[in-house]
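Scroll down for the structure; my scribbles are underneath it.
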Amino acid sequence: MCKVISVTNQKGGVGKTTTTVNLGIGLAKEGKKVLLIDADPQGSLTASLGYVEPDDIGITLATIMLAVINEEEIQPDDGILHHEENVDLLPANIELSALEVTLGNVMSREMIMKDYIEMMRERYDYILIDCMPSLGMMTINALVASDAVLIPVQAAYLPVKGLQQLIKTISMVKKRLNRKLQIMGILLTMVDFRTNYAKDISTMLHVTYGSKITIFENVIPLSVKAAETSAEGISIYAHCPKSKVSNAYKSLTQEVLENEK
251 MCKVISVTNQ KGGVGKTTTT VNLGIGLAKE GKKVLLIDAD PQGSLTASLG
301 YVEPDDIGIT LATIMLAVIN EEEIQPDDGI LHHEENVDLL PANIELSALE
351 VTLGNVMSRE MIMKDYIEMM RERYDYILID CMPSLGMMTI NALVASDAVL
401 IPVQAAYLPV KGLQQLIKTI SMVKKRLNRK LQIMGILLTM VDFRTNYAKD
451 ISTMLHVTYG SKITIFENVI PLSVKAAETS AEGISIYAHC PKSKVSNAYK
501 SLTQEVLENE K
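Going by our numbering, the letters in the sequence shown line up with residues 251 to 511, in that order.
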């Protein structure tokens with residue numbers, strides 16, 4: 251039984267891509283078959299896994315979605331790249347921006363990514379989608395294709411406030427387009443444990459959303475090491491296996507697996 255998770259927040263710089271990489275590879279380390287889908291034209295996930303020139307890649311998510319729109323035949327292996335840490339990647343690049351514009355004129359435009367993902371479910375235990383920092387048609391496509399949403403939130407006041415709009419969008423998608431969609435949880439990222447400010451934000455999150463939405467017990471600490479891994483194209487486990495941030499992502503992986511039981 252495959253679980254499809256969108257990692258999303260319309261605010262950039264909250265640790266979406268880092269979380270997608272390290273949760274995905276964390277699940278792979280637990281013996282799960284994992285596909286990571288880059289749904290951001292900037293190609294951050296693609297670059298984070300070592301493909302530093304996303305615009306030079308031949309087959310990407312844009313290619314696949316265009317094939318779905320044109321009702322062309324797609325093979326499950328089309329565009330899939332295999333990473334050394336046992337996850338598969340469907341990459342993205344700037345072509346996705348043009349495709350998002352094209353979607354405006356397509357029938358059932360919210361369902362295009364879902365058509366592809368339904369075909370891929372039988373091959374994987376988990377499919378994680380790294381969404382772009384907006385609530386545009388590409389993110390709506392990801393939400394329609396997903397079973398659950400993981401929301402990374404940086405430990406700062408404004409991102410917490412911006413959650414209301416995202417939660418409203420998710421509930422609208424659930425109501426109109428994808429009845430099974432659930433919010434898996436809010437993940438606090440980039441937490442500086444030396445400050446009271448981070449604790450205040452955590453308290454505010456629990457007070458504002460805790461009664462309605464799961465807030466992950468594990469939080470991700472602020473870490474220079476996490477940023478360094480992107481440049482190397484590997485996970486935090488390969489880069490710095492004994493660091494606090496590595497342990498935090500291991501614990502998050504366990505928490506996600508426990509929630510499935």
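Glycine is no exception: its CB is placed at the ideal position from the N, C-alpha and C atoms.
Predicted, not measured: the structure shown is a model, and the values here were computed from it.
Going by alpha carbons, who is nearest to PRO326 out of THR352, ALA348, LEU413, MET315? In the sequence shown, residue 326 corresponds to position 76, counting from 1. Closest by alpha carbon: MET315.
Checklist entry - How many angstroms separate the CA atom of LYS266 from the CA atom of THR258? => result In the sequence shown, counting from the first residue as 1, residue 266 sits at position 16. In the sequence shown, counting from the first residue as 1, residue 258 sits at position 8. If I take the Cα positions, the gap works out to 7 Å.
Handout entry: Rounded C-alpha distance that separates MET382 from THR389
Key = Stepping through the sequence shown from its first residue, residue 382 is reached at position 132. Stepping through the sequence shown from its first residue, residue 389 is reached at position 139. The straight-line gap from Cα to Cα measures roughly 7 Å.
Tell me whether TYR376 sits in a helix, a strand or coil according to DSSP, three-state version.
Sequence index remark: in the sequence shown, residue 376 carries index 126 (1-based). In the structure shown, TYR376 sits in a strand (DSSP, three-state: E or B).
Closest to LYS283 by C-alpha separation, out of GLY435, GLY274, ASP290, would be which residue? As a position in the sequence shown, residue 283 is number 33, starting the count at 1. Nearest C-alpha to LYS283: GLY274.
**Message:** To the nearest angstrom, how far is the alpha carbon of GLY475 from that of ARG359?
**Reply:** Your numbering for residue 475 matches position 225 in the sequence shown. Your numbering for residue 359 matches position 109 in the sequence shown. Just to set this straight, residue 475 is Lys in the shown sequence, not Gly. Going from the Cα of LYS475 to the Cα of ARG359 covers about 39 Å.
Could you compute how far the alpha carbon of ARG373 sits from the alpha carbon of TYR447? In the sequence shown, counting from the first residue as 1, residue 373 sits at position 123. In the sequence shown, counting from the first residue as 1, residue 447 sits at position 197. Rounded to the nearest angstrom, the two C-alpha atoms are 43 Å apart.
To which residues of the same chain is ILE344 closer than 7 Å at the C-beta, ignoring the five residues directly before and after it? If you number the sequence shown from 1, residue 344 lands on position 94. Excluding residues within five positions, the ones whose Cβ falls inside 7 Å are PRO291, ASP305.
Q.
Taking the straight line between their C-alpha atoms, what separation do you get for LYS364 and SER396?
A. Counting from one through the sequence shown, the residue named residue 364 turns up at place 114. Counting from one through the sequence shown, the residue named residue 396 turns up at place 146. Their Cα atoms are separated by approximately 8 Å.
Considering only residues of the same chain and omitting the five flanking positions on each side of GLU218, which have a CB-CB separation below 8 Å? Only positions 251 to 511 of the chain appear in this structure, which leaves residue 218 out of reach.
### Task
Look up ILE242 in the DSSP assignment and say whether it is helix, strand or coil.
Residue coverage of the chain in this structure runs from 251 to 511, which leaves residue 242 outside it and unanswerable.
Nearest-angstrom beta carbon gap, SER493 and SER480 [assumed within contact, 8 Å]:
On the sequence shown, position 230 is the one that residue 480 refers to. On the sequence shown, position 243 is the one that residue 493 refers to. Not quite, the Cβ-Cβ distance comes to about 15 Å (not below 8 Å), so this is no contact.
Identify whether VAL523 lies in helix, strand or coil by the three-state DSSP scheme.
The displayed coordinates of the chain run from 251 to 511. Any statement about residue 523 would go beyond what the structure contains.
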